[in-house]
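Working notes, structure below.
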Amino acid sequence: MSFGENLQYLRKQKEITQEQLAEQLEVSRQSVSKWESGQSYPEMEKLLQICSMFHCNMDTLMQGDVSQAFAKDSYGYDKFKNTLSKMIAAGVGILLFGISLMMLLCGAGIEEDIATAVFFVLLIVSVIIFIVTGMQSGRFCEKYPQIEDFYTEEEKEQAYKRFIIGIAVGVGLILVGCLFLIVADFRVEKMQLTDKLQMEKWDYIINGIFMMIVAAAASLLTFTALQKEKYNVKDYNKENNPSPERKKRNELIGKLCGCIMLVATIVFFLIGFIEGGWAVSWFAFVAGGILCSIVAIALSRGE
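Position one of the sequence shown corresponds to residue 5 (the working numbering), numbered consecutively onward.
Shown next as structure tokens:
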């Protein structure tokens with residue numbers, strides 16, 4: 005912001021007119037008007053007086069953005085986004101943990117029907133979480149489609165550092181899970197099991213532990229990504245005040261992703277119930293999520 009814009013912003017924050025500011029600075033109203041329009045600048049004495057009056061430093065007043073110091077989270081945006089991040093991350097974690105628990109129960113000798121029922125309970129919990137968060141998010145965006153960017157550059161920089169650490173840890177967990185799969189499979193092969201039932205149990209246990217690691221990693225990655233997105237207030241405002249073209253594109257993306265996840269759910273049940281492949285059927289949701297991401301990226305190109 006220019007000096008004139010900063011001065012105008014500070015004056016309006018104090019809710020005083022140009023005449024009132026001119027009286028306090030002992031200058032004419034025309035002088036204040038020229039300062040704010042950028043036609044002239046005050047003398048050093050007046051600049052110091054302005055800094056003292058509005059409690060700001062000279063550098064920020066002359067070439068910075070004083071609005072950053074006055075911006076406030078008037079609508080509870082930060083708290084809402086933090087809660088949303090935790091709930092969605094929890095929903096993702098519960099869903100994947102349900103798959104993991106189902107595999108571990110099967111590996112422990114529990115009947116497959118019981119293990120599947122346990123998974124469905126956790127699946128229902130995660131779906132409820134997603135529905136509730138989706139409705140809460142829609143309501144918040146409807147009430148507050150425009151948010152003032154109140155985050156400072158320092159806060160955004162710290163958030164980016166946390167984002168890097170979160171991504172690194174999440175990816176590291178997935179790599180640890182892959183390493184565990186390789187080592188565990190190698191150990192099972194060395195056991196030279198001849199009983200098919202025992203081999204299936206070991207496969208369930210190994211895949212169950214792997215999925216537990218993936219659940220932790222996915223929850224962390226989801227939370228990390230949502231926390232980084234929180235600081236991009238500009239995109240939030242753009243998303244909630246879309247152009248007609250963007251609105252149509254978002255509706256198309258929503259419909260396509262809905263169809264993709266419906267197909268993924270059908271495939272999940274078909275593989276699980278008909279083929280009895282509950283150990284691998286969860287890949288349908290992973291594939292569906294990847295396809296949704298591809299569709300969203302492809303249709304959002306050029307924005």
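Think of the CB as a built atom: it goes at the ideal place given N, C-alpha and C, for glycine as much as any other residue.
All values derive from a computational prediction rather than experimental measurement.
Checklist entry - Can you tell which of A291, K242 and E255 has its C-alpha closest to the C-alpha of L266? => result Out of A291, K242 and E255, A291 has the C-alpha closest to the C-alpha of L266.
Next on the checklist: I'd like the ranges of any alpha helix (DSSP H) spanning at least 4 consecutive residues and lying wholly in the region 40-73.
Outcome noted: With a minimum length of 4 residues, the continuous alpha helix (DSSP H) runs that stay inside the region 40-73 are 48-58 and 62-67.
Checklist entry - What is the DSSP secondary structure of D153, counted as helix, strand or coil? => result If DSSP states are grouped into helix, strand and coil, D153 belongs with coil.
Checklist entry - DSSP three-state call for T269: helix, strand or coil? => result DSSP, read as helix, strand or coil, puts T269 in helix.
Checklist entry - Can you tell which of L25, F124, E243 and F84 has the C-alpha that lies nearest to the C-alpha of L105? => result Ranking L25, F124, E243 and F84 by CA distance to the CA of L105 puts F124 first.
Checklist entry - So, are the CB atoms of A222 and G97 less than 8 Å apart? => result Against a cut-off of 8 Å, the Cβ pair of G97 and A222 comes out as a contact.
Checklist entry - Is A112 helix, strand or coil by DSSP? => result The answer is coil: DSSP assigns A112 none of H, G, I, E or B.
Next on the checklist: Quick check on this structure: which residue in D117, L303, I128 and K242 has the alpha carbon closest to the alpha carbon of I257?
Outcome noted: The candidate whose alpha carbon is nearest that of I257 is L303.
Item to check | Same chain only: Cβ atoms within 6 Å of T269, ignoring 5 sequence neighbours per side | outcome: Within the same chain, T269 has no close Cβ partners at all.
Checklist entry - Is it right to say G176 is buried, meaning 16 or more other beta carbons lie within 10 angstroms of its own, or is it exposed? => result With fewer than 16 other Cβ atoms inside 10 Å of its own Cβ, G176 counts as exposed.
Item to check | With 16 other Cβ atoms within 10 Å as the buried cut-off, status of Y164 | outcome: Exposed: under 16 other Cβ atoms inside 10 Å.
Item to check | Expected contact under 8 Å - CB spacing of I301 and A288 to nearest Å | outcome: At roughly 21 Å, the Cβ-Cβ gap does not stay under 8 Å, so I301 and A288 are not in contact.
Next on the checklist: Which residue marks the beginning of the alpha helix (DSSP H) containing F7, and which one marks its end?
Outcome noted: It spans F7 to Q17 - the alpha helix (DSSP H) in which F7 sits, taken as one unbroken run.
Checklist entry - So F277 is in the alpha helix (DSSP H); what residue range does that whole segment cover? => result That residue, F277, is in no alpha helix (DSSP H); it is neither H nor E in DSSP.
Checklist entry - For F134, which residues from the same chain have a beta carbon less than 6 Å from its beta carbon, with the 5 sequence-adjacent residues on both sides left out? => result In its chain, beyond the 5 residues on either side, G95 have a beta carbon closer than 6 Å to the beta carbon of F134.
Checklist entry - Are there 16 or more other CB atoms within 10 angstroms of the CB of Q67, so buried, or fewer, so exposed? => result Burial call: exposed.
Item to check | Beta-carbon gap between L319 and S89 smaller than 8 Å | outcome: There is simply no residue 319 to check, as the chain begins at 5 and stops at 307 in what is shown.
Next on the checklist: Below 8 Å, how does it come out for the region 141-157 and the region 238-245: are there three or more Cβ pairs, yes or no?
Outcome noted: By the C-beta criterion, the region 141-157 is judged to be in contact with the region 238-245, since at least 3 inter-stretch pairs fall below 8 Å.
Checklist entry - Exposed or buried, R15, counting other C-beta atoms within 10 Å across all chains shown (16 or more means buried)? => result With 16 or more other Cβ atoms within 10 Å, it is buried.
Next on the checklist: As an exercise, report each continuous alpha helix (DSSP H) stretch of at least 4 residues that is fully enclosed by the region 207-267, in chain order.
Outcome noted: 237-244, all fully within the region 207-267.
Item to check | Cβ shell of D239 (< 8 Å), same chain only, five flanking positions each side left out | outcome: These residues qualify, in order along the chain: E233.
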